[in-house]
Amino acid sequence: MTAQVHEGLILDGVKTSMAFCPPLPKDNPRLIELNGNQGLSTACWRGYRGSWEIKGGKFFLTGISGKYQLSDGPSIFANWFTGTIKIPAGDILKYVHGGFSTVYEQEIHITIQEGIVKKNITVDNRPPSPKATNVDYGVVNRYFPDKGFGFVRGLLLGNNSEIFFHIKTIKKTDPQLAESLSRDLFGEKLHFWFDTETTSKGIQICTVFSPRQIRQGAASDTSHLIDRIESYWRNLGRQKPSWLDDVTSDLLGQDRTNELNLERRHLESEEQKKRELERKELEAKTEIERERRQRQHDAERAQEQLEEDEFQNLVAEMMKFGFTHSSQVSNYIVSNRLGYKYKNISGILQMEIDGTTWNFKGGFPPKIYARLCDELGLSNNGTRVRAVAFESFGNIEERSNRK
Numbered sequence: 024m025t026a027q028v029h030e031g032l033i034l035d036g037v038k039t040s041m042a043f044c045p046p047l048p049k050d051n052p053r054l055i056e057l058n059g060n061q062g063l064s065t066a067c068w069r070g071y072r073g074s075w076e077i078k079g080g081k082f083f084l085t086g087i088s089g090k091y092q093l094s095d096g097p098s099i100f101a102n103w104f105t106g107t108i109k110i111p112a113g114d115i116l117k118y119v120h121g122g123f124s125t126v127y128e129q130e131i132h133i134t135i136q137e138g139i140v141k142k143n144i145t146v147d148n149r150p151p152s153p154k155a156t157n158v159d160y161g162v163v164n165r166y167f168p169d170k171g172f173g174f175v176r177g178l179l180l181g182n183n184s185e186i187f188f189h190i191k192t193i194k195k196t197d198p199q200l201a202e203s204l205s206r207d208l209f210g211e212k213l214h215f216w217f218d219t220e221t222t223s224k225g226i227q228i229c230t231v232f233s234p235r236q237i238r239q240g241a242a243s244d245t246s247h248l249i250d251r252i253e254s255y256w257r258n259l260g261r262q263k264p265s266w267l268d269d270v271t272s273d274l275l276g277q278d279r280t281n282e283l284n285l286e287r288r289h290l291e292s293e294e295q296k297k298r299e300l301e302r303k304e305l306e307a308k309t310e311i312e313r314e315r316r317q318r319q320h321d322a323e324r325a326q327e328q329l330e331e332d333e334f335q336n337l338v339a340e341m342m343k344f345g346f347t348h349s350s351q352v353s354n355y356i357v358s359n360r361l362g363y364k365y366k367n368i369s370g371i372l373q374m375e376i377d378g379t380t381w382n383f384k385g386g387f388p389p390k391i392y393a394r395l396c397d398e399l400g401l402s403n404n405g406t407r408v409r410a411v412a413f414e415s416f417g418n419i420e421e422r423s424n425r426k
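The numbering used here puts the first residue of the sequence shown at 24, with every later residue one more than the last.
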């Protein structure tokens, strides 16, 4: 028996056909049977070809040719029909020389009950493709439309090198992407899933996958891809890539994408709290250090003022004697133990001459002594003795109190 001609069908406004022959309403007065063998052939043993339509969830008979015809009038609601019609799609996988048995890549099975559509499923008859082993998701870096090739940078496998692709491969597996490339839409940052192969010319893209194919398991092992994707979500040190939601939805589904979005927002919130706490701690430490330095500065200013007051008092005490030489001042200071009277500018002075050192209690440091002589207008015969260290009585007293 020869393969039979399909019935015509308009499915929600789209013209197609069905590999099925629903029964006709033989008792409908608008169905007229003609005399003769009109429409009869080996490809149409039933002798007629019906035209049908599914519209608004209902099944209608719209016309017929061959040994039957419909009289003028509206489409007939096929409330007499209950069953499943089969609509072929795609290329022929296996031709069967008889009936409606030819196998197509896909079939749409629509279940109808008394003219009402109840269920619609798609059956995929294509054999499963071999699992891809080098699946990655990448962005088009460069494309040369006049030469028909370009380069993609993979984003998930950690390989930052450019991967070659030819437009023929893209057209074969993703015509829409090929069209986008031809329009030079690089402002859109074109991304897609792909598999690679190693050729004599190096690594190049051999297949492009749609998101649906990825969801259906085109990749043989996705564990490393999943790990990589989830690491992107949890890496708060870098801005979230614009493509991350899409690639996650393709591989893990929308529910998991939503979960990872919530998890990242939680991590960002915790990180923000942590940064805010660190900022406040730093501000507190900075304020403490500022106050410490201010106290130190104030103490130094107060100490300088004490020293200046003592120095002026010392000058005033010396001036009334009318000394003319520095040695007179030195003798007076030593004999009257003035060092102990002015404890902030006098103290223990370490002296040295020809390698021999000793401590002189009640001495004044060289800069104070020089300034005193200058204020009093005294001459200085000079000496080989030099001061090598000094600590004031006030500082010694403070150290002793701290112990």
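Beta carbons are placed, not taken as given, at the ideal position from N, Cα and C, and that holds for glycine.
Assigned exposure category for residue i - 16 Cβ within 10 Å defines buried
i: S349; result: buried
i: A325; result: exposed
i: M341; result: buried
i: R72; result: buried
i: W68; result: exposed
i: W431; result: The requested residue 431 does not occur in the structure, where the chain is confined to residues 24 to 426.
i: W75; result: buried
i: H450; result: Only positions 24 to 426 of the chain appear in this structure, which leaves residue 450 out of reach.
i: F344; result: exposed
i: I115; result: exposed
i: L42; result: The amino acid at residue 42 is misidentified as Leu; the sequence shows Ala. A42 is buried by the Cβ-count criterion.
i: Y160; result: buried
i: N367; result: buried
i: L178; result: buried
i: G370; result: buried
i: P46; result: exposed
i: A242; result: buried
i: V408; result: exposed
i: P198; result: exposed
i: G362; result: buried
i: Y118; result: exposed
i: G210; result: With a pLDDT of only 47 at G210, under 50, the local geometry of the prediction cannot be trusted, and no value is derived from it.
i: L84; result: buried
i: E293; result: exposed
i: T196; result: buried
Inter-residue Cα distance where the pair is residue i and residue j
i: F383; j: R394; result: 19 Å
i: G386; j: A322; result: 24 Å
i: K426; j: G417; result: 15 Å
i: D35; j: R235; result: 23 Å
i: V140; j: I33; result: 14 Å
i: E331; j: K390; result: 13 Å
i: E414; j: Q373; result: 9 Å
i: K142; j: K78; result: 14 Å
i: G173; j: S233; result: 19 Å
i: T156; j: S184; result: 18 Å
i: V28; j: C44; result: 10 Å
i: A412; j: E375; result: 10 Å
i: I356; j: F346; result: 12 Å
Rounded distance between the beta-carbons of residue j and residue i, thought under 8 Å
i: Q227; j: I186; result: 7 Å
i: E130; j: I110; result: 7 Å
i: A112; j: A66; result: At roughly 21 Å, the Cβ-Cβ gap does not stay under 8 Å, so A112 and A66 are not in contact.
i: G138; j: N102; result: 4 Å
i: I135; j: F188; result: Going by Cβ atoms, the distance from I135 to F188 rounds to 45 Å, so no, they are not a contact pair.
Bridge-paired residues (DSSP) for residue i
i: H428; result: This structure leaves residue 428 out entirely; the chain is present only between 24 and 426.
i: Y160; result: W216
i: G31; result: S40 and S74
i: F187; result: F174 and Q227
i: F232; result: W216
i: R409; result: E375
i: R149; result: According to DSSP, which records beta bridges pairwise, R149 is partnered with nothing at all.
i: F82; result: I77
i: C67; result: S64
i: A307; result: Looking at the DSSP assignment, A307 forms no beta bridge with any residue, so it has no partner.
i: S369; result: Answer is none; S369 lacks a bridge partner.
Near the ligand SAM: residue i beta-carbon under 7 Å from a heavy atom
i: L372; result: Inclusion of the ligand SAM in the displayed structure is not the case, the ligand content being empty and no account of it being possible.
Proximity test, Cβ basis, 8 Å: residue i and chain D
i: V175; result: No chain D appears in the structure shown, which is made up of a single protein chain.
Next on the checklist: For the structure I just gave you, are there three or more beta carbon pairs, one from the segment 262-272 and one from the segment 294-307, closer than 8 Å?
Outcome noted: no
Checklist entry - Are at least three pairs of beta-carbons, each pair with one atom in the segment 265-281 and one in the segment 211-224, less than 8 Å apart? => result yes
Checklist entry - Does the count of Cβ pairs from the segment 78-96 and the segment 50-68 closer than 8 Å reach three? => result yes
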